[in-house]
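Student: Before we start, here is the structure in question, set down as structure tokens.
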């Protein structure tokens, strides 16, 4: 199939696109889903008049049979002689729920995945009317704010993750950050497993790390951005945010699925710093292709909630995701939500990233508005952390200039040495 | 296989049980998962010393190969000649994250579903140490509080859902509730699609409905419990809760996945009323058996967050879930989390429930501490709403007394007529 055009929403309706598998008659299945998610139910209701349906019913805007599949993606559904995969677009009146992010979620991703006629259902696209932009300002800092706070005007932010993920003391963490900062790194993040455990309390860690970061900034004028993982209850997150701000920090991080939509909206309202959104758990929402969410609609919800950075995995990563999916995710994060309110977030590339991924990543997305996080690609460099960071920066510069990597390696021994990592 | 014993956690560790599919060597896969979710990463780290591993590493507590499967549950994983399904138990030091619900979630259900060695991964059980009970009081009202507020001392709460789900005005909603209250209903809930849309604003709906409910309570002494769906941003949910309380309401409802853990903890802290937790979206977490969550660990997280009622679907429901799964869910909701702090919530049965499901439900769970919500089973009764409610109550009484349903039908014309519904 050719990819369908991007969705657009009229001012008064929400539109969602799904990939549906059904052994039922597709038109009947579409009507059941539309009914269940609006004014209908399993049985006919006297009070569900035509007028009420017109006012509050979901509409099937588009239904196309894509192909016939030989076995159901998911067990438990109604059986039938032919199993069809379809593209389904539904729309709802905005007046059913108003511009409310939590109620949008219940409408587009509520009780529909379990319906008996559903042998597979995946939300693949979403468009919401501008009323949502009036209610939700989106990322407060985004790309421009992140670049300003990190002091990086061109090229991607070269970043890394503190490892081991968990187990280091605050002083040991600061010692590791000191090496990274001395190496000229732009961005460092806590692991999502490191928040405020007794072995590495949040405030002690922030104090120890920011001492190192602030000292370096005083000496060099460059302050590395550190995404401190403040995931916790709301009062804890607010207190931790205030502490980071008071210590001169420039970023906070939270695990999106641990916090949830309501908590993230609150954190974003409170935060004076960019919010680095960690997608851990994304696998359970996405790993079966006939179930759950594509990244595009999912990330839109979090941008509306106010998240500034969103993880997209990386090319040739060490997880299960293929490169096409990674690039689609990064593009989604950069795609405007509304013509008048782009709400772009910064995509975060990570997992096994080295100098080799710079050129193909740039070729695919055509921008350097991103965070490029490498672990082994920095710590594994034979010339040390500084050489690792320099090599990544040069590789990106070469990608932008159109210089082949082998040519960059001939000109720059740090890039040449980086090519040997993991060989 | 025989079901493994329930999990128990020592005072200083968290324990999670998974069903893993892998084409890798199972022991290697287990080590990779344990490493990725604690102190390890894809490559060996100089700083991950034996001492650090001992302090912060996740441990493989149990690994049993269950069987060999012929095709992977999920695409994208590392291939191999033999694909094995295993039972895997991991434990983590509590000191990695402390008794923090959001950080518990990132640890047990974070970046592990996407690992390359994972051809299937499902969280099937969870045990947390008592430190969590000190931090999280669990449901504030639970079964006893709900019974007291609903004025139902024996038998299940007989309930229903306002239909059409969305599209009725506040006055039309109140009119429907008036019929239900006149029929002696114990419990009524908003649909999860009805929150605060412009056609049916929350406060107007609550005011109109509570006028009816309070009037009936003044006349009869019985006040039906209405679960008003207050799903929204945190300030909205607090304001709406306060309004329900001020109007004499006795319950509020929220969509769990729309709100998230942090928002639900805040709502529960604020709430003076039982919280009816709606699980819409549960399908995307559970419908593929090799991915996501079993209900048992999932519901435990929400009980810790403070939710009082949890949906479990119903026997012979109209969705994809089989009866064994429904009963396992209801039992999970009633199973104590800690020996000294049961934190039981009230299971909510719904979807196509009639007099026929009373006896098998009671036989399977051995208690009437539940909400039994019927739509067609009440509105479809030829004798009207009151007869529908009476028939359901008698059917439950018969189930408890061990009277067969056909015998109860011979003694009671309302039960007899109820047997004709949907015939």
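Chains as they are written, first to last, in the numbering used here: chain A, 1 to 423; chain B, 424 to 846.
Think of the CB as a built atom: it goes at the ideal place given N, C-alpha and C, for glycine as much as any other residue.
1) Determine the direct distance from the alpha carbon of residue 23 of chain A to that of residue 424 of chain B, and round the result to whole angstroms.
2) Quick check on residue 251 of chain A - is its C-beta less than 7 Å from some C-beta in chain B?
3) Residue 568 of chain B and residue 697 of chain B look like a contact to me (Cβ under 8 Å); what is the Cβ gap, rounded to whole Å?
4) Among residues of its own chain, excluding the 5 on either side of residue 131 of chain A, which ones have a beta-carbon nearer than 8 Å to its beta-carbon?
5) Let me know if residue 13 of chain A comes out buried or exposed under the rule of 16 or more other beta-carbons within 10 Å of its beta-carbon.
6) Tell me the DSSP bridge mates of residue 725 of chain B?
7) Please check the pair residue 750 of chain B and residue 726 of chain B, which I expect to be a contact at CB under 8 Å, by giving their CB distance rounded to whole angstroms.
8) Are the beta-carbon atoms of residue 390 of chain B and residue 713 of chain B separated by less than 7 Å?
9) Is it true that the segment 137-151 of chain A meets the segment 297-312 of chain A, where meeting means three or more beta-carbon pairs spaced less than 8 Å apart?
10) Roughly how many angstroms lie between the CA atoms of residue 828 of chain B and residue 822 of chain B, to the nearest whole one?
11) Looking at the secondary structure, which residues open and close the alpha helix (DSSP H) in which residue 329 of chain A lies?
12) Counting along the chain, where does the beta strand (DSSP E) carrying residue 438 of chain B start and finish?
13) Between the beta-carbon of residue 547 of chain B and the beta-carbon of residue 642 of chain B, is there less than 7 Å?
14) Among the candidates B:795, B:814 and B:526, whose CA atom is the shortest distance from the CA of residue 832 of chain B?
15) Assign residue 491 of chain B to one of two classes, buried (16 or more other C-beta atoms within 10 Å of its C-beta) or exposed (fewer than that).
16) Verify whether the separation of the beta carbon atoms of residue 431 of chain B and residue 550 of chain B is less than 7 Å.
17) Please state the DSSP three-state secondary structure of residue 807 of chain B.
18) To the nearest angstrom, how far is it from the Cα of residue 195 of chain A to the Cα of residue 228 of chain A?
19) In chain B, what lies closer than 7 Å to residue 197 of chain A by C-beta?
20) Count the CB pairs spanning the segment 279-287 of chain A and the segment 502-516 of chain B that are closer than 8 Å, and state whether there are at least three.
21) At a CB-CB cut-off below 8 Å, which residues of chain B make contact with residue 55 of chain A?
22) Report the neighbours of residue 231 of chain A on chain B: residues whose CB is nearer than 7 Å to its CB, in chain order.
23) When DSSP labels each residue in this structure, what does residue 831 of chain B get in the three-state scheme?
24) Establish whether the CB of residue 276 of chain A and some CB of chain B are separated by less than 7 Å.
25) With 16 as the cutoff for other CB atoms within 10 Å, does residue 16 of chain A come out buried or exposed?
26) Using alpha carbons as the reference points, say which of A:191, A:354, A:32 and A:133 lies closest to residue 277 of chain A.
27) Using the beta-carbon of each residue, which ones in chain A are nearer than 7 Å to residue 715 of chain B?
28) What residues are listed by DSSP as bridge partners for residue 65 of chain A?
29) Taking the C-alpha atoms as reference points, what is the distance between residue 769 of chain B and residue 270 of chain A?
30) Contact defined as beta carbons within less than 8 Å: I believe residue 794 of chain B pairs with residue 579 of chain B. What is the distance between those atoms, to the nearest angstrom?
31) Below 8 Å on the Cβ atoms is my guess for residue 677 of chain B versus residue 687 of chain B; work out the distance and round it to an integer in Å.
32) If the cut is a Cβ gap below 7 Å, which residues of chain B does residue 257 of chain A touch?
33) Between which two residues does the beta strand (DSSP E) harbouring residue 421 of chain A extend?
34) In terms of residues, what are the limits of the alpha helix (DSSP H) holding residue 257 of chain A?
35) Closer than 8 Å by C-beta to residue 525 of chain B: which residues in its own chain qualify, once you throw out the five before and the five after it? Chain order, please.
36) Decide if residue 560 of chain B is buried, meaning its Cβ has at least 16 other Cβ atoms within 10 Å, or exposed.
Tutor: Let me lay it out:
1) Any reading at residue 424 of chain B needs caution, since the residue's pLDDT is 45, under 50, leaving its predicted position unreliable; the model's value is listed next. C-alpha separation (whole angstroms): 32 Å.
2) no
3) 6 Å
4) 11, 94, 98 and 99
5) buried
6) Paired residues: none, contrary to the question.
7) Their Cβ separation, rounded to whole angstroms, is 18 Å, which puts residue 750 of chain B and residue 726 of chain B out of contact at 8 Å.
8) In this structure chain B extends from 424 to 846, so residue 390 of chain B is not present and cannot be described.
9) yes
10) 8 Å
11) 323-334
12) 436-445
13) no
14) B:814
15) exposed
16) yes
17) coil
18) 8 Å
19) 518, 519, 520 and 521
20) no
21) 590 and 622
22) 525, 526 and 529
23) helix
24) no
25) buried
26) A:191
27) 284
28) A:86
29) 35 Å
30) 6 Å
31) 7 Å
32) 528
33) That residue, residue 421 of chain A, is in no beta strand (DSSP E); it is neither H nor E in DSSP.
34) 256-259
35) 684 and 685
36) exposed
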